[in-house]
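This report refers to the structure that appears directly beneath it.
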Amino acid sequence: MVCAIVAIVALASSTAHAATGYADSVDAITAQLKDDPILVQQILGSGDAKLVHRRLRAAASKLDTPVYVALVSRPRDVRTDRPSRDLIVRLHARLGDGIFIAATNDDLLQVAAWGTSYSSADLSLARYRAIDRIKELRGNSARHEFSVPAPGFEAEVILDLAARPGLTLDDKQLKTLSKQSLSFPSNEANAEHDEDPPSTGFTTMIGGVSGLLAFLVLFRGISWFGARKDAPRAMIAAPARPPHKSSKPETMSPERIRALAHSELDALTVRMRDQSGTIVDPEALERAQSALQAAGRALSQKNLSADVGALVLSRIGARESERSRGSRAASYVCCFLNPLHGEATSSISLDHGSHLRVPACAYCSDSPAEPDPLIIPRPGPDRPYYRQNDVWSRTGYGSIASDFAESVLREGAS
Ligand SMILES: [Zn+2]
10 MVCAIVAIVA
20 LASSTAHAAT
30 GYADSVDAIT
40 AQLKDDPILV
50 QQILGSGDAK
60 LVHRRLRAAA
70 SKLDTPVYVA
80 LVSRPRDVRT
90 DRPSRDLIVR
100 LHARLGDGIF
110 IAATNDDLLQ
120 VAAWGTSYSS
130 ADLSLARYRA
140 IDRIKELRGN
150 SARHEFSVPA
160 PGFEAEVILD
170 LAARPGLTLD
180 DKQLKTLSKQ
190 SLSFPSNEAN
200 AEHDEDPPST
210 GFTTMIGGVS
220 GLLAFLVLFR
230 GISWFGARKD
240 APRAMIAAPA
250 RPPHKSSKPE
260 TMSPERIRAL
270 AHSELDALTV
280 RMRDQSGTIV
290 DPEALERAQS
300 ALQAAGRALS
310 QKNLSADVGA
320 LVLSRIGARE
330 SERSRGSRAA
340 SYVCCFLNPL
350 HGEATSSISL
360 DHGSHLRVPA
370 CAYCSDSPAE
380 PDPLIIPRPG
390 PDRPYYRQND
400 VWSRTGYGSI
410 ASDFAESVLR
420 EGAS
């Protein structure tokens, strides 16, 4: 029996690797992986590195296949916009066959298998299915969380799946996984961003939104209230506010946004190739296909606005794909003020006392005095994205338009 080897690159605080130094290149990571089967460097705000290490070692011990897991800061010699994938390919070239799982701090987790009985596509698809199911089991609370699971958690799910015939977990295992505290990054992990002062005052923002609304009314030839009829549900109904004040969402670099968009589009592509299951809602499937196509188009534009668009479209597509197979989850609607905040959970009024409402995340609906609008760097003073004139501002990244994917496909690089 070939022993399972789990290599998890250890957190900087781990004493186990203090002596060997911090691996910041592919060769250094390879050397640590050869030397120490357990190595974790970054767990991206999901808690205790030693706990992740222990859990992954236990999960890997059930496999008869070599396994390498690297959860690391981006190595300095990995410069592509797909760092996790690039790292996996280069580790495989140095370490030989096995199951490889890698995530850098600025990319989503990737899994691949070479020279084993596992296929990369099957492992990937099984992972997405299991994560979807775990999110369902976590119920409504998961809808307020960042949609990307912590890499340590995701790696454990993959190893658990690989140990099971047919790559499926039973309900008991899924339930156990859904209760783990390290399962998803918590907003508290990003609390250090809280002191960053917003670069735009709320009054300015309101002016901007009013400008946008005027634009919508004048140039699209529609009235705001007419538009509301086919607008997402979240725009009209305002669910009860969560009892606690939400922390500021994660601030992401343009590189991480692009890497995330790539990864989530990959995930959507894998889901859409999945022929299993019965399609109960063909219209949802059509919407997922449009979103997939539009996300690909957006990513090819290679600019930050469009990268954000590709990310949101991938999330819309993923949700519609679930709905096409019978999921009762609502369609994905992002936070209008900043689509990078994730899913809208309520709506907020944009100009005091009026009926104009837009979808908003928990943070934006809790924190009107500390807005965090999406700002796309351009010449001149910073302005929220919705004060520009392009397909992204006109649709609010799909939050105020039901034909987002079609608009992106129609307007292309506008
Ligand atoms: Zn928000």
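In this note's numbering, the protein residues as written are 10 to 423. Cβ coordinates follow ideal geometry from the N, Cα and C atoms, glycine included.
In the three-state reduction of the DSSP assignment, F345 falls in the coil class. By DSSP's assignment, F109 forms a beta bridge with Y77, A121. Of L170, P393, L42, the smallest CA-CA separation from A79 is found for L42. Within the chosen limit of 7 Å, ligand 1 does not reach the beta carbon of L308 with any heavy atom. For R136, same chain residues with a beta-carbon under 8 Å away, outside a window of 5 residues either side, are V120, E163, V166, I167, L170 in chain order. For R332, the enclosing alpha helix (DSSP H) covers residues 313-333. With 16 or more other CB atoms across the displayed protein chains lying within 10 angstroms of its CB, A319 is buried.
Of the heavy atoms belonging to ligand 1, none sits nearer than 7 Å to the Cβ of Y406. The C-alpha of L48 is placed about 28 Å away from the C-alpha of P263. The count of Cβ pairs closer than 8 Å, one atom from the stretch 57-70 and one from the stretch 92-99, stays below three, leaving the stretches out of contact. Comparing C-alpha distances from Y406 to each of P84, A303, E145 shows the shortest one belongs to A303. With fewer than 16 other Cβ atoms from the protein chains shown falling within 10 Å of its own Cβ, N398 counts as exposed.
Here DSSP, grouped into helix, strand and coil, assigns V49 to strand.
Relative to ligand 1, even the nearest heavy atom lies 7 Å or more away from the CB of Y395.
Straight-line measurement puts the Cα of I108 at about 45 Å from the Cα of E379. As the crow flies, the alpha-carbon of N114 is around 29 Å from that of P388. In terms of Cβ geometry, A339 and R91 do not form a close pair [threshold 8 Å]. Residue pairing from DSSP places E352 in a beta bridge opposite C343.
Between ligand 1 and the CB of L346, the shortest heavy atom gap is smaller than 7 Å. Here the stretch 284-296 lies against the stretch 314-334, with 3 or more beta-carbon pairs under 8 Å apart. A414 sits away from S314, with the two beta carbons spaced by 8 Å or more.
The continuous alpha helix (DSSP H) containing V400 extends over residues 400-404. The closest heavy atom of ligand 1 lies less than 7 Å from the beta carbon of Y372. Set against 7 Å, the gap from the CB of A378 to the closest heavy atom of ligand 1 is not smaller. For ligand 1, a non-hydrogen atom lies closer than 7 Å to the CB of H350. A check of alpha carbon separations from N312 across A371, K257, I384 identifies I384 as the nearest.
Distances taken from the Cβ of A338 to the heavy atoms of ligand 1 include none shorter than 7 Å.
With a cutoff of 8 Å on beta-carbon distance, I325 and V367 are scored as not near each other.
For A369, the shortest C-beta to heavy atom distance toward ligand 1 is below 7 Å.
The criterion of a C-beta distance shorter than 8 Å is not satisfied by I140 and S187. With respect to the C-alpha of E273, the residue from K257, L308, G286 having the closest C-alpha is L308. In the three-state reduction of the DSSP assignment, A369 falls in the strand class. For K257, no alpha helix (DSSP H) run applies, since DSSP gives it neither H nor E.
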